[in-house]
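These notes concern the structure reproduced below.
Here it is as structure tokens:
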């Protein structure tokens, strides 16, 4: 399996994908054509065009999967797929209704298709979308996603702001609520960072590092280039409910 | 129908429910016992105890629905119910699994049961939870909620921060995404505010006002005491997809 999972597609003050372009170049190797899945945003053509512009400097040709009469066939003939960010619920619902869950999943797992995701596209690489930050604007058939990794990622991870007067939950509080109901590691990747998975190894990259949340433990800080291969051996347990107190 | 829908249960720097205690007192009238639904948080006893303390100054007795052998029976014998905030997905899933959707809904609609909600409990009064801010930590059977009002509320509404460097969607962007997929009014109630519905009338209350989002229109500012009875005549249309461009 070859995965590159970006926390975000655009750093503040930078062009789309500029912060990750070198890593994408390296990740794609000799592959210079990528099929783009724009379903997380409403305007598929405009989204595909902006991604095409962003990857043009490294000579990568981008084709929107929505333009093919048979999107599944487009995936079966591709060597790399890029699932873009936006709204995770809309993305997953459309992956389900177009049959792309079945078209993409097995080929990535078989090592035949490189998987690049950003934000919502990174959420899809997890067993479920349960650690998305997005609003549930539509209802997918199920929260189950590709499950290329056996843990959850929280993209755009944001540290609590000690000066805030807003009383809504912080990201940390939301993830702790997730861990009340599920015994599954959560990797909160800050903007500017990513996770690369290859050949049984997983390593963080980019800037700003990540925070690891494990049930019953204090959150742990991870360096920007930390080896997190141990997470590939996680045994996720969903819906276990609150820990029993003794 | 008698509804009091709070954006939040605690204002910054204040005690739990202190900002809304007078309004709750008025809303309950002569009723001095309320059944509390604590399912949005993990620790039901602690949550119920904190709500009981918060309403003790106005002489309201609070009983946790989770403590009754038959929660549905507790609802059928109550004159007022309070559905507390926390995680909306956990709340809705538990309302469904305990049968409280069926126990609470008809009695509120018949005017036999006053409905007090805050945050996630306010989301439940809408047709769906699709405008919650919460993380989908568990999967409810369906996103359908009580639907006491024919529009959506976004509690804890937060204006965009022009100084932010975070690239995740603002609340406004999230609600605009909601309106790309659904033709349903959304009332974003800022912290400190609430909506009171009685006898075919709906009026904002509390501080800080609200923002109204309608598909295809610019967001509109509403005064803290605005009459929004017109929203009770909304004809919500879900899953209509992006507007067709001519």
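Residue numbers (the numbering used here), protein chains in the order written: chain V, 14 to 259; chain X, 14 to 259. Even glycine gets a Cβ: it sits at the ideal position worked out from N, Cα and C. Keep in mind that this is a model prediction, so the values were computed, not measured.
- For residue 226 of chain V, no Cβ of chain X is located within less than 8 Å of the residue's own Cβ.
- Setting aside the 5 residues that flank it on each side, residue 184 of chain X is surrounded in the same chain by 146, 167, 170, 171, 172, 173, 201, each with a C-beta closer than 8 Å to its C-beta; the list follows chain order.
- In the assembly as shown, residue 255 of chain X is an exposed residue. Its beta-carbon has fewer than 16 other beta-carbons within 10 Å.
- Residue 200 of chain X does not reach chain V, its nearest Cβ partner there being about 15 Å away, counting only Cβ pairs nearer than 8 Å.
- Around residue 151 of chain X, the same chain offers 102, 103, 106 as residues with beta carbons nearer than 6 Å, after the five sequence neighbours per side are excluded.
- Among the CB atoms of chain X, none fall inside 8 Å of the CB of residue 163 of chain V.
- Taking the C-beta atoms as reference points, residue 93 of chain X is found nearer than 8 Å to residue 47 of chain X.
- Look at residue 142 of chain X: its C-beta is under 8 Å from a C-beta on chain V.
- At a Cβ-Cβ threshold of 8 Å, residue 245 of chain V and residue 162 of chain V count as neighbours.
- Listed along chain V, no residue sits closer than 9 Å to residue 229 of chain X by beta-carbon distance, the nearest being about 13 Å off.
- For a Cβ distance threshold of 8 Å, residue set 55, 150 of chain V lies close to residue 193 of chain X, ordered along the chain.
- If you look at residue 76 of chain X, you'll find it in the beta strand (DSSP E) that goes 74-77.
- Counting other Cβ atoms within 10 Å of its Cβ, residue 124 of chain X stays below 16 and is therefore classed as exposed.
- Linking residue 72 of chain X to residue 18 of chain V through their CA atoms gives a straight-line distance of about 54 Å.
- Taking 3 residues as the shortest admissible run, the segment 36-77 of chain X contains the following complete beta strand (DSSP E) segments, listed from N- to C-terminal end: 46-50, 74-77.
- Residue 255 of chain X reaches chain V at 55, 56, counting residues in chain order whose Cβ is nearer than 8 Å.
- Around residue 127 of chain X, the same chain offers 15, 93 as residues with beta carbons nearer than 6 Å, after the five sequence neighbours per side are excluded.
- Residue range 93-96 is occupied by the beta strand (DSSP E) that includes residue 94 of chain X.
- Look at residue 81 of chain X here: in three-state DSSP terms it is coil, with no helix or strand label.
- Spatial neighbours of residue 131 of chain X in its own chain (CB-CB distance under 7 Å, excluding positions within 5 residues in sequence) are listed in chain order as 19, 21, 22, 97, 98.
- By the 16-neighbour rule on beta-carbons within 10 angstroms, residue 214 of chain V is exposed.
- At a Cβ-Cβ threshold of 8 Å, residue 218 of chain X and residue 32 of chain X do not count as neighbours.
- Considering only V/74, V/141, V/239, V/249, the residue with the shortest C-alpha distance to residue 207 of chain V is V/239.
- DSSP places residue 234 of chain V in no alpha helix (DSSP H) but in the uninterrupted beta strand (DSSP E) bounded by 233-235.
- Per DSSP, reduced to three states, the secondary structure at residue 122 of chain V is helical.
- Taking 8 Å as the CB threshold, residue 156 of chain X lines the interface with chain V.
- Annotated three-state conformation of residue 227 of chain V is coil, per DSSP.
- Not one beta carbon of chain V lies nearer than 8 Å to the beta carbon of residue 136 of chain X.
- Note: residue 205 of chain V is not bridge-paired with any residue in the DSSP secondary-structure output.
- In this structure, residue 235 of chain V sits away from residue 198 of chain V, with a CB-CB distance that is not shorter than 8 Å.
- At least one CB of chain V lies nearer than 8 Å to the CB of residue 171 of chain X.
- Taking a Cβ-Cβ threshold of 8 Å, the residues of chain V close to residue 23 of chain X are 180, in chain order.
- For residue 111 of chain X, the CB contacts under 6 Å within the same chain, skipping 5 residues up- and downstream, are 84 in chain order.
- No Cβ-Cβ contact shorter than 8 Å links residue 109 of chain V with residue 61 of chain V.
- For residue 17 of chain V, the uninterrupted beta strand (DSSP E) run begins and ends at 15-19, by DSSP.
- Taking C-beta separations shorter than 8 Å and ignoring five residues to either side along the sequence, the partners of residue 253 of chain V in its chain run 194, 195, 196, following chain order.
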